[in-house]
C-alpha cells in the first residue's frame, strides 16, 4: 500500500533541525512519506544536507497544496513564501514569543504535527564512526566553541560572537592539570591556544556526534553541538549568557547550567540582543564557576523523572436515573488523554443514552482506532469523522475557536437525529480532557431538577476553578482564587449540561445553527434570556487542560455539594 | 561591567549596569537591581499550597521549605529547587518564574494531585501527579540529589 504523502515546512539552523527531527520521527512512525518545503539556503548548508539525508522523500522550494494530503506548518522558522499561506488560512497566525511562552522548541514542533510529549521518541541523528577513542582511565571532557561548522544563516556569524566565551584556553589547561582528558570541537578562533585533542574544523556534524558520544561531558555555550550531545546521549554543561535555556535545553540527557546573574539576560531575540556590544553575561562566567559546577554535576547528574499515579476517587454506590442523556465529544489528537478519558467515562456510571464522538480532523491515526474500539452496553455510540477541511495544518493553538466549530458540527448531527424521532432529556458537551468522578452526571441531573424549581438555570457545569487552571498560553488572564470562584469559557464552561427543554426553548429549531464564532450550544443566547449557569463545588471532574482558552462570562449560581451530603442517592 | 555589593544584615544589595529604553534607543544606567539573600540550609521554594503533612515531612528530612510569594524572582537563585504545587499565580507570573528557574538550571518539581501542564513537561526534573503520600514524595525529591 502506498504511504500517505505529507509536507512539512521548515527553515532554520542545524540545532533547530535536530530538534525538528523529533516531530519527523513521530511522522515516520505514523507511516507518512515526508516532503520538506524550505528555501534554497537549506541545501546550501552541508551540515543540514548531511543530517537530513534519508529523512525526506523530497526537498522542494515550491508549494503545491494538491500534492499532499496534509501540510504541517509551525508559527516559527518557515520560509517567507509560506507565511502567506499560513496567514490566509488563519488571520491570527503569529510568530511565537519564546520569552513568554516557556515552551521548549521540541514541544513546538510536536504541537505543529498534532503530537504531544508522550509521543516523543528521540531525534533522528546517526553519528558516523570515527577513529577517535577516549582514554578509558580518564574522564573525557569535550569543549565546543559557540560557532559550529556550516551554520547556514549568515546573520549568525555576528550573533555568535555574543555567545562567545573567551576562557576556553584557560579551562582546557586547568582540566588537563586536574587529570581530565580534553577534546576540542567546533570552529573559529575561540578555541585558539586551547590544549587537548584537537578536532577544530576537522569533523562533519555526524562525525562530531560520534566524538561527543565517546566523551563523558560536553561543556559549551548553547549551540548546535549541545543538541547533538542530547541526540547521542552525552551529558551537557551549558555556559549560558543571552540564550533562553527554557527553550532549547537538552531533554534526553542530564544537564546543568552555568550562568551568572545579570538582570538583562537572557536577551536572545529581544531588542537588547541586537544592541548589546559587550556581552558581560558571558564574560562574567569564570573558569572557577565552571569547574565548581562541573565537579558537582559529574558527582550527581540529574535526570528527569515523571510519576503518574491515577487519581482514585472514593467509591460510591451507583446512582440510578431514568433520564436519557446525549454525550457530545469532540476529539483532536492527544491520544493518551483520550484513552484516560474513555476509561474514566466507562467507570463513572453514566446514565443510559447515546455518545456521539467527532474525530475533528486529528492528524494522529490512532484516534480513530480508539474511538472505533470504544463500546458500553447501556450507551449507543456513533463516531463522526471530519475530513481535513484545511489541508494545511497551522499551529492548532492559533486556530479560531476550533472547539466551537466542532460542537456545532455535533449539534447539527443531533438535530438530524431529533428530526428522525430521537428523544433525550439532557445533552452534555464534553471535551475529552477530563477525568470524571463516579455518578457525576446523576448528581448534575439531581441538582438541576431540584434547583431549577426556584432558579432560572440554563446549564450545569461540573467543573470549577478549585482545579488547576486551563493551560492558557498568554491569551487571557486566569481567574483563580478560593474554592467557590469560577471561570467560564465562551459563556460556558466545558463540560456542561443543558436540558432538552432549555435547548429547544432557546433554539426553537436546530436548523438555526451556523458556524459563527460563539454559538456553542447557543450559550450566549441562553444567558441573554436571563438563565444562569449552575456550578458545582467541589468539581465533579478533574481537568487535564489539553485544549482551549478561557474568558470571563456571566455570573453563575454556585452550589456546594456538601449541602447535599444527606442525599439518599438511591431515592 | 561594574558590580557593587552593599550589605545590610543578612541581605546584600547588588548594583548593576543595565540598559533602559529611552526613545528609540537605549541608555546605559546604573541601578540597584537585586537583593541577594543568605540562606544556610537546603532551601526549596514552593509556589501554591502544600498540605501540612508534606511540610512537616519535608522539615524532618532537612529541607528548608519557603513559600515563594511573588517577591523578587532572583531570590530563587538561592534555592536548590522550585516546587510547584497547586498554582495560584497568573499566567505571566507563572511563566516568568518557571522560565527564570529553567534559565538558571534550578530544578523544577511539579507536584499536584490534579492536573498537569502537558505543554511544559520538559521543564520539570520531577513531576508527580496523582495520589501520593508525603514520605514517598519526599523520597523522590531526596533522590534528585539536590
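Protein chains in written order, with the numbering used here: chain A, 473 to 1043; chain B, 74 to 219.
Every residue, glycine too, gets a C-beta built ideally from N, C-alpha and C.
None of the values given here were measured: they were computed from a predicted structure.
Proximity below 8 angstroms, CB of residue i to CB of residue j
i                       : j                      : result
residue 703 of chain A  : residue 604 of chain A : no
residue 807 of chain A  : residue 929 of chain A : no
residue 822 of chain A  : residue 857 of chain A : no
residue 1006 of chain A : residue 920 of chain A : yes
residue 181 of chain B  : residue 167 of chain B : no
residue 809 of chain A  : residue 904 of chain A : yes
residue 791 of chain A  : residue 914 of chain A : yes
residue 543 of chain A  : residue 528 of chain A : no
residue 494 of chain A  : residue 595 of chain A : yes
residue 415 of chain A  : residue 523 of chain A : Absent from the structure is residue 415 of chain A, since the part of chain A shown begins at 473 and ends at 1043.
residue 192 of chain B  : residue 575 of chain A : yes
residue 465 of chain A  : residue 491 of chain A : The displayed coordinates of chain A run from 473 to 1043. Any statement about residue 465 of chain A would go beyond what the structure contains.
residue 184 of chain B  : residue 155 of chain B : no
residue 660 of chain A  : residue 619 of chain A : yes
residue 554 of chain A  : residue 636 of chain A : no
residue 781 of chain A  : residue 204 of chain B : yes
residue 534 of chain A  : residue 504 of chain A : no
residue 828 of chain A  : residue 884 of chain A : no
residue 909 of chain A  : residue 802 of chain A : no
residue 848 of chain A  : residue 818 of chain A : yes
residue 855 of chain A  : residue 844 of chain A : yes
Whole-Å CB distance - residue i paired with residue j, under 8 angstroms assumed
i                      : j                      : result
residue 145 of chain B : residue 115 of chain B : Not a contact, Cβ separation roughly 21 angstroms.
residue 715 of chain A : residue 740 of chain A : 5 angstroms
residue 830 of chain A : residue 900 of chain A : Wrong, their Cβ atoms sit about 14 angstroms apart, outside the cutoff.
residue 612 of chain A : residue 688 of chain A : 5 angstroms
residue 607 of chain A : residue 653 of chain A : 5 angstroms
residue 479 of chain A : residue 540 of chain A : 4 angstroms
residue 906 of chain A : residue 967 of chain A : 6 angstroms
residue 722 of chain A : residue 698 of chain A : 6 angstroms
residue 709 of chain A : residue 730 of chain A : 6 angstroms
residue 551 of chain A : residue 511 of chain A : 4 angstroms
residue 711 of chain A : residue 757 of chain A : 6 angstroms
residue 152 of chain B : residue 173 of chain B : Between residue 173 of chain B and residue 152 of chain B the Cβ distance is about 11 angstroms, and since that is not below 8 angstroms, they are no contact.
residue 201 of chain B : residue 779 of chain A : 5 angstroms
residue 717 of chain A : residue 694 of chain A : 7 angstroms
Residue i: first and last residue of the uninterrupted beta strand (DSSP E) it sits in
i                       : result
residue 908 of chain A  : 906-908
residue 969 of chain A  : 968-971
residue 183 of chain B  : 181-185
residue 205 of chain B  : Run containing residue 205 of chain B: none; DSSP gives neither H nor E here.
residue 777 of chain A  : 777-780
residue 720 of chain A  : Run containing residue 720 of chain A: none in the beta strand (DSSP E); it sits in the alpha helix (DSSP H), 717-720.
residue 614 of chain A  : 612-616
residue 506 of chain A  : 505-509
residue 530 of chain A  : 530-532
residue 479 of chain A  : 477-481
residue 1002 of chain A : Residue 1002 of chain A -> no beta strand (DSSP E), and no H or E assigned at all.
residue 540 of chain A  : Premise fails: residue 540 of chain A is in no beta strand (DSSP E) and is neither H nor E.
residue 414 of chain A  : Residue 414 of chain A is absent from the structure shown; chain A starts at 473 and stops at 1043.
residue 709 of chain A  : 708-711
residue 931 of chain A  : 929-933
residue 727 of chain A  : 727-730
Range covered by the alpha helix (DSSP H) that runs through residue i
i                      : result
residue 652 of chain A : Looking at the DSSP string, residue 652 of chain A is not in any alpha helix (DSSP H), and its letter there is neither H nor E.
residue 491 of chain A : 486-501
residue 703 of chain A : 696-704
residue 689 of chain A : Here residue 689 of chain A belongs to no alpha helix (DSSP H); instead the beta strand (DSSP E) covers 689-693.
residue 587 of chain A : That residue, residue 587 of chain A, is in no alpha helix (DSSP H); it is neither H nor E in DSSP.
residue 683 of chain A : 677-685
residue 442 of chain A : A query on residue 442 of chain A cannot be resolved here, the shown segment of chain A reaching from 473 to 1043 and no further.
residue 755 of chain A : 752-755
residue 512 of chain A : 512-516
residue 921 of chain A : 912-923
residue 744 of chain A : 743-747
Residue i: CB within 7 angstroms of a non-hydrogen atom of the ligand MG
i                      : result
residue 192 of chain B : Only the bare structure without any ligand can be found here, which leaves the ligand MG out of the picture.
Please list the residues of the segment 730-742 of chain A that have a C-beta atom closer than 7 angstroms to any C-beta atom in chain B, keeping them in chain order.
731, 733, 734, 735, 736 and 738
What runs of the beta strand (DSSP E), each 3 residues or longer, lie entirely inside the segment 784-871 of chain A?
797-803, 825-832, 851-858 and 864-866
Could you please tell me which residues of the segment 190-205 of chain B, in chain order, have their CB closer than 8 angstroms to any CB of chain A?
190, 191, 192, 193, 194, 195, 196, 197, 198, 199, 200, 201, 202, 203, 204 and 205
Quick one: which unbroken alpha helix (DSSP H) runs of 4-plus residues sit fully inside the segment 107-154 of chain B? Chain order, please.
125-133
Beta carbons nearer than 7 angstroms to chain A: which residues of the segment 135-153 of chain B have them?
147 and 150
Which residues of the segment 169-189 of chain B have a Cβ closer than 9 angstroms to any Cβ of chain A? Give them in chain order.
Listed by position along the chain: 169, 171, 172, 173, 174, 175, 176, 177, 178, 179, 180, 183, 185, 186, 187, 188 and 189.
Any residues in the segment 767-781 of chain A with a beta carbon nearer than 7 angstroms to a beta carbon of chain B? Which ones, in chain order?
772, 774, 776, 777, 778, 779, 780 and 781
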